[in-house]
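Protein chains in written order, with our numbering: chain Y, 1408 to 1658; chain C, 1408 to 1658.
Think of the CB as a built atom: it goes at the ideal place given N, C-alpha and C, for glycine as much as any other residue.
Note that the structure is a prediction, hence the values are computed from the model and not measured.
Below is one structure, written out as structure tokens; the observations come after it.
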DNA sequence: CCAACTTGTCTATTCGAATAGACAAGTACG
DNA sequence: CGTACTTGTCTATTCGAATAGACAAGTTGG
């Protein structure tokens, strides 16, 4: 070990923004490089010790930065081997039978759905039209964060008629899945009726939940699911991290 | 004092970016609000204690944020009175007799010029043309940060012929002023020959030196000064913080 | 199997961010 | 003058960022 520069100068200064932690600066620096497309998918990064030396920081600090990049879904680390760049996007098929947990499981990942919050509210004109209700009817609103292998994929706002699904929030929080929640209400065969896709930028709240930098692109997916009888069941407005997902529409 | 929320929740969460210090988040939040133009110039901000309560943080943390906004030139604090928004831009007249220290002094502020670095280098085609030298001739290059009342106003790169001003770096570092540096070489009556103004965005280095957020607009001012005899003296490429300066061209 | 290399985890220490409280110093107003 | 209010400064404490070092656990290649 040479370890000069015990405290000061090096490549650090060119990154160090006042009031921003070192590991965050390093993580952001790597994110830029990766998102620019400088690395191919699967490229092996240098060993942590080498990166630490190049930045003039401790190895633990680099580990913290890499952990951050892991939660952002930009790298994948394997013990004893190394850290690899991950630029492939998860394929997310959209069709009549669109179930997050099943899609993720089919892709060989671990699905997770966490309820961020829920409340009752009167239906807006748009929500009422989707669900076939009168404006102002009581509806349940759920905010759900979905992740695959602990990497956030999407945040979704879902509305259901309160008349039948008043406790949907509590049920979801326990069962952690929309499929199982509806099953709890006796709904088994439900289907996607329509899906509308647009794009935009993540606001501060969504960016935080999705562990994205602000102003990264997102895919906005609005949809309506119906019961087997064709009755409106739930409508959703989901925001997908466009850096991590590609939507495939079945036809 | 009510001081609930000893550690958690409040308006904090909506701001708190992971890896970014609290005071920085608050400062950036205020900067956004100010630059959007929500406050008129001179508007009095609420007392520190009140701001602290609104964000759910300690008063010291607010003070740190306000200190940051002060160095960015966005607020001005007066003891015993309060903190005031500062959106007025300093008027910077450009004419034949353009001397930073004189302009700033005339506006009632304290001028400061700090040398960031200096070196000799061969003249590029552009610099050579400006100074009337052959390409590759040895020139002295100075990087100067200028501030008024401790608020950074501009960073400037200045080139002089090395033949006569070889030690310009050391001299400037001692005298802290271009006017005095030239005076040291016996140059008293020099004048602006031409000025070219354009605009762009601050890169990471300039943003750091000017204490700006990255990607804030800057005014790029290229100019040539000549001696009393009309001989090319020095050429400069200055980058001014557009949020703090308005250039006035005399005609 | 063994040696070299890389990531994971542990302990200890230093330094600054953030909190908490108290008081000084300045201004404004009746 | 004196009270109320606001900013400035000080001390003390807690918690996490960053450093430092050592070793365990895993992979690779001879």
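When C-beta atoms of the stretch 1602-1613 of chain Y are compared with those of the stretch 1639-1658 of chain Y, three or more pairs fall below 8 Å, so the two segments count as touching. If you look at residue 1581 of chain Y, you'll find it in the alpha helix (DSSP H) that goes 1575-1582. DSSP places residue 1434 of chain C within a helical segment (H, G or I) once states are collapsed to three. Here the stretch 1629-1647 of chain C makes no contact with the stretch 1448-1468 of chain C; the two share fewer than three CB pairs at distances below 8 Å. For a cut-off of 8 Å, the C-beta gap from residue 1568 of chain C to residue 1522 of chain C is around 18 Å, too long to register as a contact. Near chain C, meaning a CB-to-CB distance below 8 Å, no residue of the stretch 1550-1569 of chain Y qualifies.
Interface annotation for the stretch 1426-1441 of chain Y against chain C: 1426, 1427, 1428, 1430, 1431, criterion Cβ-Cβ distance under 7 Å. Non-local C-beta neighbours of residue 1526 of chain C in its own chain, meaning closer than 7 Å and more than five positions away in sequence, comprise 1548, ordered along the chain. Spatial neighbours of residue 1471 of chain C in its own chain (CB-CB distance under 7 Å, excluding positions within 5 residues in sequence) are listed in chain order as 1430. Residue state for residue 1585 of chain C is assigned as helix, using DSSP reduced to three classes. Non-local beta-carbon contacts of residue 1544 of chain C in its own chain, meaning distances under 6 Å to residues more than five positions away in sequence, involve 1530 in chain order. The DSSP assignment places 1482-1485, 1489-1492, 1497-1501, 1518-1529 as complete runs of the beta strand (DSSP E) inside the stretch 1468-1538 of chain C, in order along the chain (cut-off: 3 residues). A distance of 8 Å or more separates the beta carbons of residue 1655 of chain C and residue 1556 of chain C. Between the alpha carbons of residue 1623 of chain Y and residue 1614 of chain Y lies a gap of roughly 8 Å.
A Cβ-Cβ contact shorter than 8 Å links residue 1554 of chain C with residue 1519 of chain C. In the DSSP assignment, residue 1560 of chain C falls within the unbroken beta strand (DSSP E) covering 1558-1568. Separation of residue 1604 of chain Y and residue 1617 of chain Y (C-alpha to C-alpha, rounded to the nearest whole angstrom) is 19 Å. For residue 1644 of chain Y, the pairing in a beta bridge is given by DSSP as Y:1564, Y:1629. Counting along the chain, residue 1615 of chain C sits inside the alpha helix (DSSP H) bounded by residues 1611-1617. In this structure, Y:1644 is the residue among Y:1644, Y:1620, Y:1640 with its C-alpha nearest to the C-alpha of residue 1628 of chain Y. Here the alpha carbon of residue 1488 of chain C sits roughly 18 Å from the alpha carbon of residue 1480 of chain C.
DSSP places residue 1461 of chain Y inside the alpha helix (DSSP H), whose first and last residues are 1455-1462. In this structure, DSSP gives residue 1452 of chain Y a state outside helix and strand, which the three-state scheme calls coil. Per DSSP, the unbroken beta strand (DSSP E) holding residue 1606 of chain C starts and ends at 1598-1608. Taking 8 Å as the cut-off, the beta carbon of residue 1640 of chain Y is found closer than this to the beta carbon of residue 1594 of chain Y. Annotation for residue 1589 of chain Y: 1597 place their beta carbon closer than 7 Å to its own, counting only its chain and skipping 5 residues before and after. DSSP, read as helix, strand or coil, puts residue 1551 of chain Y in strand.
Here residue 1440 of chain Y carries a helix assignment [DSSP, helix/strand/coil]. Taking 8 Å as the upper bound for CB-CB distance, residue 1482 of chain Y and residue 1492 of chain Y are in contact here, some 6 Å apart. The C-beta distance from residue 1550 of chain Y to residue 1524 of chain Y rounds to 5 Å, short enough to fall under 8 Å.
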